[in-house]
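Presented below is the structure to which this report refers.
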Amino acid sequence: MQGYEDMPLVEITWIDHSGDGGWEEKVDDKPIECRTVGWLKTGKVHLHVYDTLTSDGGRGGVSKILKTCVMKKRILWEQF
């Protein structure tokens, strides 16, 4: 597929974070580790990982992962 030469297929391991406006009875500081696989485009603050690429240059199914939450990045396939 042309136009994606700069987008490697990667596996990103990252720590999830969340917020809630309700009351909390018990504080659980146990981090939740996540893994996301897709084609990578790096932004200033986020990694954009797409699960779908189309022949007309479209990108779909994006996960925006804060760079500060990334524990590990593994390249699965890199176009030449």
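Mapped onto the numbering used here, the consecutive letters of the sequence shown carry residue numbers -16 to 63.
All C-beta atoms, glycine included, are put in the ideal place defined by N, C-alpha and C.
Since we're looking at a predicted model, the values are computed, not measured.
For the pair residue 29 and residue 6, the Cα-to-Cα distance works out to about 29 angstroms. In the same chain as residue -4, and ignoring 5 residues on each side of it, the C-beta atoms closer than 7 angstroms to its own belong to 16, 18, 54 and 55, in chain order. DSSP places residue 46 inside the beta strand (DSSP E), whose first and last residues are 42 to 49.
Cα atoms of residue 2 and residue 47: separation of roughly 16 angstroms, rounded to the nearest angstrom.
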